[in-house]
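Take a look at the structure set out below.
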Amino acid sequence: MALVTSKEMFKKAYEGGYAIGAFNVNNMEIIQGITEAAKETNAPLILQVSAGARKYANHTYLMKLIEAAVEETGLPICVHLDHGDTFELCKSCIDGGFTSVMIDGSHHSFEENIKLTKQVVEYAHAKGVTVEGELGRLAGIEDAVNVSEEDAAFTDPDQVEEFVQKTGVDSLAIAIGTSHGAFKFKGDAKLRFDILEEIQKRLPGFPIVLHGASSVMPEYVEMINKFGGEMPGAKGVPEDMLRKAASMAVCKINIDSDLRLALTGTIRQYFAQNPSHFDPRQYLGPARASIKEIVKHKIVNVLGCDGKA
Ligand code: G3H
Ligand code: 13P
Ligand code: ZN
Numbered sequence: 567m568a569l570v571t572s573k574e575m576f577k578k579a580y581e582g583g584y585a586i587g588a589f590n591v592n593n594m595e596i597i598q599g600i601t602e603a604a605k606e607t608n609a610p611l612i613l614q615v616s617a618g619a620r621k622y623a624n625h626t627y628l629m630k631l632i633e634a635a636v637e638e639t640g641l642p643i644c645v646h647l648d649h650g651d652t653f654e655l656c657k658s659c660i661d662g663g664f665t666s667v668m669i670d671g672s673h674h675s676f677e678e679n680i681k682l683t684k685q686v687v688e689y690a691h692a693k694g695v696t697v698e699g700e701l702g703r704l705a706g707i708e709d710a711v712n713v714s715e716e717d718a719a720f721t722d723p724d725q726v727e728e729f730v731q732k733t734g735v736d737s738l739a740i741a742i743g744t745s746h747g748a749f750k751f752k753g754d755a756k757l758r759f760d761i762l763e764e765i766q767k768r769l770p771g772f773p774i775v776l777h778g779a780s781s782v783m784p785e786y787v788e789m790i791n792k793f794g795g796e797m798p799g800a801k802g803v804p805e806d807m808l809r810k811a812a813s814m815a816v817c818k819i820n821i822d823s824d825l826r827l828a829l830t831g832t833i834r835q836y837f838a839q840n841p842s843h844f845d846p847r848q849y850l851g852p853a854r855a856s857i858k859e860i861v862k863h864k865i866v867n868v869l870g871c872d873g874k875a
């Protein structure tokens, strides 16, 4: 099996009422933990690389590690640029072997977003690469001070058909109340399923993407707080909401913060219990095992994509 685009994965996920996990990768242990979990559950997989990850680990190192994961697992794996913000960055990733890119023009005007996204789509499609666009703004939604500002940040269902038709994107990231990081809700978690439903009606059969979808698993937040960290009030998207989204038009669910928390919590615990150890394999090994465990849990209990590779 070689690297694949997201096309076939999303078609099957939409029809099957499940979602594919898109996990952010930054180093070998993270890639190994995720791909071992996917192998054991026979799940299709998206490994996504942010501009920051590419800067940290280097494009070639990440590509080679992902190619090794394909060889080791035999799974369909899509390698995707997360939050590309310029045509040049998307082009560089496409030329460097990525099979999918996100062009995030959500901070531009609607017209500028269409123009930039269309430019990326034309380049990507000519090379057989799929493209994710974004409409609506994710970060800081929970900080909105009044209803009208809050509503302005959610995806407007009236814009989605025109955006998809004019850009030719293969999938669309939307804002319905999730946000990036470990502090997503101050009070009760609330997602605008009414907006998702309306978008699904306007774009029948079209794959939708949910960013900011970590659950901020309490056991790892507790582990961090127990072993010297300070994350009071950390809160994520409840898993039953993610399962509901996966049963609807959401075909790709983005998870990064949960992996970071698992890795960091495990390493904090390790050093608290073994203060004199200094062999990196001794603490990176358990951290990798925690990532594997959490990804298996997501695949089987949240995404529903086990057995679908
Ligand atoms: O949405 C952002 C992802 O969690 C990646 O974060 O830009 O710090 O690598 P990063
Ligand atoms: P989380 O911060 O909720 O893990 O979201 C990750 C994400 O959306 C990456 O694009
Ligand atoms: Zn994101």
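Those letters in the sequence shown? Residues 567 to 875, by the numbering used here. All C-beta atoms in this analysis are idealised placements derived from N, C-alpha and C, irrespective of residue type, glycine included. These figures come from a predicted structure and were not determined experimentally.
Taking 8 Å as the cut-off, the Cβ atoms of M783 and R834 do not count as close.
Taken in chain order, the unbroken stretches of beta strand (DSSP E) that lie wholly in the stretch 745–816 and span 3 residues or more are 774–776.
The beta carbon of I774 sits no closer than 7 Å to any heavy atom of the ligand 13P. In this chain, the alpha helix (DSSP H) harbouring G618 covers 617–623. Here D648 carries a strand assignment [DSSP, helix/strand/coil]. Between the ligand 13P and G771, a heavy atom-to-CB distance of less than 7 Å is absent. Taking C-beta separations shorter than 7 Å and ignoring five residues to either side along the sequence, the partners of G771 in its chain run Y580, following chain order.
The DSSP assignment places 586–590, 611–616 as complete runs of the beta strand (DSSP E) inside the stretch 572–632, in order along the chain (cut-off: 3 residues). A residue is listed when its beta-carbon falls short of 6 Å from at least one non-hydrogen atom of the ligand G3H; in chain order these are N590, S616, G618, A619, D648, H649, H746, D822.
Only residues of its own chain outside the window of five on either side were considered, and among them N592 have a CB closer than 7 Å to the CB of Y622, listed in chain order. Residues of the same chain with a CB within less than 7 Å of the CB of V787, apart from the 5 flanking positions on each side, are M797, A800, L827 in chain order. Its chain contains G662 as the residues whose beta carbon lies nearer than 6 Å to that of H625, once the 5 sequence neighbours on both sides are disregarded; these appear in chain order. Rounded to whole angstroms, the gap between the alpha carbons of L613 and N590 is 6 Å.
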